[in-house]
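Visitor: When you read off a place in the sequence shown, starting at 1, and then add 7, the result is the number in my numbering. Yeah, the Cβ is synthetic: ideal placement off N, Cα and C, and Gly gets one too.
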Amino acid sequence: MGSTTHVMTNTNPTLPHLLPSSRSHFNSRLLSLPPTRVANKVGVFAERSNKSRSTSTAAVDFSDPDWKIKFQEDREARFRLPHLTDIFPDAPPIPSTFCLKMRTPIDRDFPGHYSLDEEWHGYINNNDRVLLKTIYYSSPTSAGAECIDPDCTWVEQWVHRAGPREKIYFKPEEVKAAIVTCGGLCPGLNDVIRQIVITLEIYGVKNIVGIPFGYRGFSDEEMTEVPLSRKVVQNIHLSGGSLLGVSRGGPGVSDIANSLEKRGINMLFVLGGNGTHAGANAIHHECRKRRLKVSVIGVPKTIDNDILLMDKTFGFDTAVEEAQRAINSAYIEAHSAYHGIGVVKLMGRSSGFIAMQASLSSGQVDICLIPEVPFNLHGPQGVLSHLKYLLETKGSAVVCAAEGAGQNLLQKTNATDASGNVVFGDIGVYIQQETKKYFKEIGVHADVKYIDPTYMIRAIRANASDGILCTVLGQNAVHGAFAGYSGITVGLCNTHYAYFPIPEVISHPRLVDPNSRMWHRCLTSTGQPDFI
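1) Quick one: any contact between the stretch 402–421 and the stretch 239–249, if contact means 3 or more CB pairs under 8 angstroms?
2) Verify whether the separation of the beta carbon atoms of Y457 and Q439 is less than 7 angstroms.
3) Where does the unbroken beta strand (DSSP E) through R136 begin, and where does it stop?
4) Taking all protein chains shown into account, decide if K319 is buried (16 or more other Cβ within 10 angstroms of its Cβ) or exposed.
5) At the level of alpha carbons, what is the spacing between K174 and Q414?
6) Hey, Q371 and N312 are a contact pair by Cβ (cut 8 angstroms); roughly how many whole angstroms apart?
7) Please determine, among A425, P219, F225, the residue with the shortest C-alpha to C-alpha distance to P234.
8) If you check the beta carbons only, do G432 and P89 fall under 7 angstroms apart?
9) Assuming R517 contacts I314 under a Cβ cut-off of 8 angstroms, what Cβ separation, rounded to an integer in Å, is found between them?
10) To the nearest angstrom, report how far apart H291 and I94 are at their CA atoms.
11) Around the C-beta of Y504, are 16 or more other C-beta atoms found within 10 angstroms, so that it is buried, or is it exposed?
12) Buried or exposed for H32, please, with buried defined as at least 16 other CB atoms from any protein chain shown within 10 angstroms of its CB.
13) Span of the beta strand (DSSP E) holding S146?
14) Is the beta carbon of V327 sitting closer than 7 angstroms to the one on Q364?
15) DSSP on D324, reduced to helix/strand/coil?
16) Consult DSSP for H527 and reduce its assignment to one of helix, strand or coil.
17) When the Cα atoms are used, what is the spatial distance from M274 to P171?
18) Who does I348 pair with in a DSSP beta bridge?
19) As a quick exercise: from S103, A150, G259, E126, pick the residue whose alpha carbon is nearest that of V212.
20) Using three-state DSSP, classify Y443 as helix, strand or coil.
21) Just to confirm my understanding: we take K443, look at its own chain, exclude 5 residues before and 5 after, and list those with CB closer than 6 angstroms. What are they?
22) Give me the Cα-Cα distance between M317 and L139, rounded to the nearest whole angstrom.
23) What's the C-alpha gap between A490 and V306?
24) Let me know the secondary structure DSSP gives R168 once reduced to three states.
25) Please report the residue range of the alpha helix (DSSP H) in which S368 lies.
26) Between the stretch 278–291 and the stretch 190–210, can you find at least three pairs of beta-carbon atoms closer than 8 angstroms?
27) Looking only at C-alpha atoms, which of I263, R468, K178 sits nearest to F105?
28) Starting from F78, trace the alpha helix (DSSP H) both ways and give me its first and last residue.
29) Assess, as a yes-or-no matter, whether the stretch 141–153 is touched by the stretch 470–486 under the definition of 3 or more beta carbon pairs within less than 8 angstroms.
30) Given C529, which residues of its chain have a CB within under 6 angstroms of its CB, disregarding the five upstream and five downstream residues?
31) Is it buried or exposed, A425, if we count other Cβ atoms within 10 angstroms and call 16 or more buried?
32) Just reading off the alpha helix (DSSP H) that I200 is part of, what are its end residues?
33) Pick out whichever of A84, D81, C193 has its Cα sitting closest to the Cα of R465.
34) Rounding to the nearest angstrom, what Cα-Cα distance links T80 and A285 in this structure?
35) How is the beta strand (DSSP E) around G305 delimited, first residue to last?
36) Roughly how many whole angstroms lie between the Cα atoms of N133 and P510?
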């Protein structure tokens, strides 16, 4: 299918679900398919918290013949993007200074004011939407089925298309933009920083700064702003890490808002994961409370790929690719030794996407362990028993485990990091030790090697795939800010770029569905049994 089956352009202000079906043959065809009984999941909301469900599907009366329309209206309201005009209704829109038709400024002192010989058709209409889900599940028993009602009825769900708008709500010469990178390192941070700066300059912004070392940089007086320009960021994407530095935790929301007001910052771009986005959303609300004309835009940075509603987050593809080196090394070590066993631990606190896709792509993994799928290490159905079988039949084995897998087998640390995350026990070391102990007890020789490439992966530069993703995310973050939105994040949704209200993507981590086709493919590749 072409991209027109996924993106809807609507010049009518009515909601997408009220549009005539003739506007989309794809939609009318799906709506004509018969519903099937009985669903055991609750669609997109299966990925959201119980609290969120109670305010969405749980409140819907499915016996009401108009429940679909009411559901869509409620969802449209929840996914409405916060805008500066909510607080400043008289804020005047001005023609956009972003245009690629002519790149030479009229006034050299104002490098965002362009002369156009004809109208440019490169803008996004505010009513453009991206279809969130494209699979029609005819049965709730289909692999990975996500249904909203007990009949698994097809319901269109739309999100806002990202991109430059024809009207903007900031004068570039009055903008002071700031970029902050929070949490841990992730491939692609410098790529996003670079593209935000370049796009801001195309709009005509001259005052761009970086906040050093995450949210901490707003309160530590020893940390000064880092002036940014195209000249400064031109080649930073060629290196890993973050030009601005990273840290976890930081000052309170009120202190950050005070700092923004004092510094005169009116655009803030926040790169980080779930916790960082929660902070960005709190900053957004504090600025609204103070009636500050500040746009706060998030860019989802999580190497674990665990942000809700998005196809993937930047750094993930690079992590999967780089993980191949560790897996291949473990395979060579195991294959070259008598009764060799290689154990690799990869990132993935709550979500096993990296371990799953790295195992699937390598073709060298015999056992993949992820947080979403419980397992026993000991016993006749356990991992160790299967390792014994693999040594007897293959002579060697490779285990790939996500860091959050099997935490129920480890002693709780009761410690948290600066971000408030529970400090996990090391499942890789535990598997290594228990494997050695098991084979020693049964009198079978086993040569066990353990590899943890976590920080090697986090520190490398983004690969080509992530480089493209970072570039587009950075550009769209700037477009969203100039369009007047705030309290939003940008992401890849169903192969298209979209804006989301921050609360809709941070209720809890996105998880691997053990009944999904991708997990089934991984199991087909490894050949592993259930370890329960």
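Guide: To lay it out plainly:
1) No contact exists between the stretch 402–421 and the stretch 239–249.
2) Counted from its first residue, the sequence shown places residue 457 at position 450. Counted from its first residue, the sequence shown places residue 439 at position 432. In contact: Y457 and Q439 (Cβ atoms closer than 7 angstroms).
3) Mapped onto the sequence shown, residue 136 falls at position 129. For R136, the enclosing beta strand (DSSP E) starts and ends at 136–138.
4) Working through the sequence shown from its first residue, we reach residue 319 at position 312. With a threshold of 16 other beta carbon atoms within 10 Å, K319 meets it and is buried.
5) Taking the sequence shown and counting its residues from 1, the one referred to as residue 174 is at position 167. Taking the sequence shown and counting its residues from 1, the one referred to as residue 414 is at position 407. If I take the Cα positions, the gap works out to 51 angstroms.
6) For the purposes of this step, residue 371 is taken as the residue at position 364 of the sequence shown. For the purposes of this step, residue 312 is taken as the residue at position 305 of the sequence shown. By a beta-carbon distance limit of 8 angstroms, Q371 does not contact N312. Their separation comes to about 21 angstroms.
7) On the sequence shown, position 227 is the one that residue 234 refers to. In this structure, P219 is the residue among A425, P219, F225 with its C-alpha nearest to the C-alpha of P234.
8) As a position in the sequence shown, residue 432 is number 425, starting the count at 1. As a position in the sequence shown, residue 89 is number 82, starting the count at 1. No, these two residues do not count as a Cβ contact at 7 angstroms.
9) Against the sequence shown, residue 517 aligns to sequence position 510. Against the sequence shown, residue 314 aligns to sequence position 307. About 6 angstroms separates the two Cβ atoms, so the contact holds.
10) To locate residue 291, count along the sequence shown from 1; it is residue 284. To locate residue 94, count along the sequence shown from 1; it is residue 87. Distance from the CA of H291 to the CA of I94, rounded to the nearest whole angstrom, comes to 12 angstroms.
11) Reading the sequence shown from its first residue, position 497 is the one you call residue 504. Y504 comes out buried.
12) By one-based count along the sequence shown, residue 32 stands at place 25. In this prediction, H32 has a pLDDT of 33, which is less than 50 and means its spatial position is unreliable; nothing more can be read from the coordinates.
13) Along the sequence shown, read from residue 1 onward, the residue named residue 146 stands at position 139. DSSP places S146 outside any beta strand (DSSP E), giving it a letter other than H or E.
14) Residue mapping note: residue 327 aligns to position 320 of the sequence shown, counting from 1. Residue mapping note: residue 364 aligns to position 357 of the sequence shown, counting from 1. Yes; because the gap between Cβ atoms is below 7 angstroms, this pair is in contact.
15) In the sequence shown, residue 324 corresponds to position 317, counting from 1. Looking at D324 - three-state DSSP - the assignment turns out to be helix.
16) For the purposes of this step, residue 527 is taken as the residue at position 520 of the sequence shown. Helix at H527.
17) Here residue 274 refers to the residue found at position 267 when the sequence shown is read from its first residue. Here residue 171 refers to the residue found at position 164 when the sequence shown is read from its first residue. Going by the C-alpha atoms only, they are around 16 angstroms apart.
18) Position 341 of the sequence shown, counted from the start, is the residue given in the question as residue 348. Looking at the DSSP assignment, I348 forms a beta bridge with A404, V455.
19) Your numbering for residue 212 matches position 205 in the sequence shown. Ranking the options by Cα distance to V212, first place goes to S103.
20) In the sequence shown, residue 443 corresponds to position 436, counting from 1. Before going further, note that residue 443 is Lys rather than Tyr in the sequence given. When DSSP states are grouped into helix, strand and coil, K443 belongs to the helix group.
21) Locating residue 443 in the sequence shown gives position 436, where the first residue counts as 1. V455, listed in sequence order.
22) For this step, residue 317 is matched to residue 310 along the sequence shown. For this step, residue 139 is matched to residue 132 along the sequence shown. M317 and L139: Cα-Cα distance of roughly 9 angstroms.
23) Within the sequence shown, residue 490 is the residue found at index 483, counting from 1. Within the sequence shown, residue 306 is the residue found at index 299, counting from 1. Here the C-alpha atom of A490 lies approximately 16 angstroms from the C-alpha atom of V306.
24) To locate residue 168, count along the sequence shown from 1; it is residue 161. The answer is strand: DSSP assigns R168 an E or B state.
25) Position 361 of the sequence shown holds residue 368. Element bounds for S368: 360–369.
26) Touching, per the Cβ criterion.
27) As a working note, residue 105 is residue 98 in the sequence shown. Comparing Cα positions, the closest option is K178.
28) Taking the sequence shown and counting its residues from 1, the one referred to as residue 78 is at position 71. Per DSSP, F78 belongs to the alpha helix (DSSP H) from 74–85.
29) Touching, no, given that fewer than three Cβ pairs across the two stretches are closer than 8 angstroms.
30) Taking the sequence shown and counting its residues from 1, the one referred to as residue 529 is at position 522. Here the set comprises M363, S366, L367, C375.
31) The residue labelled residue 425 in the question sits at position 418 within the sequence shown. Counting the other Cβ atoms within 10 Å of the Cβ of A425 gives fewer than 16, which makes it exposed.
32) What you label residue 200 is simply residue 193 of the sequence shown in a count that begins at 1. Counting along the chain, the alpha helix (DSSP H) containing I200 begins and ends at 196–210.
33) For the purposes of this step, residue 465 is taken as residue 458 along the sequence shown, with counting starting at 1. Considering only A84, D81, C193, the residue with the shortest C-alpha distance to R465 is C193.
34) Mapped onto the sequence shown, residue 80 falls at position 73. Mapped onto the sequence shown, residue 285 falls at position 278. Residue identity check: residue 80 is Glu in the sequence provided, not Thr. Going by the C-alpha atoms only, they are around 25 angstroms apart.
35) In the sequence shown, the residue the question calls residue 305 occupies position 298. It spans 302–307 - the beta strand (DSSP E) in which G305 sits, taken as one unbroken run.
36) Start at 1 with the first residue of the sequence shown, and residue 133 comes out as number 126. Start at 1 with the first residue of the sequence shown, and residue 510 comes out as number 503. Between N133 and P510, the C-alpha separation is close to 21 angstroms.
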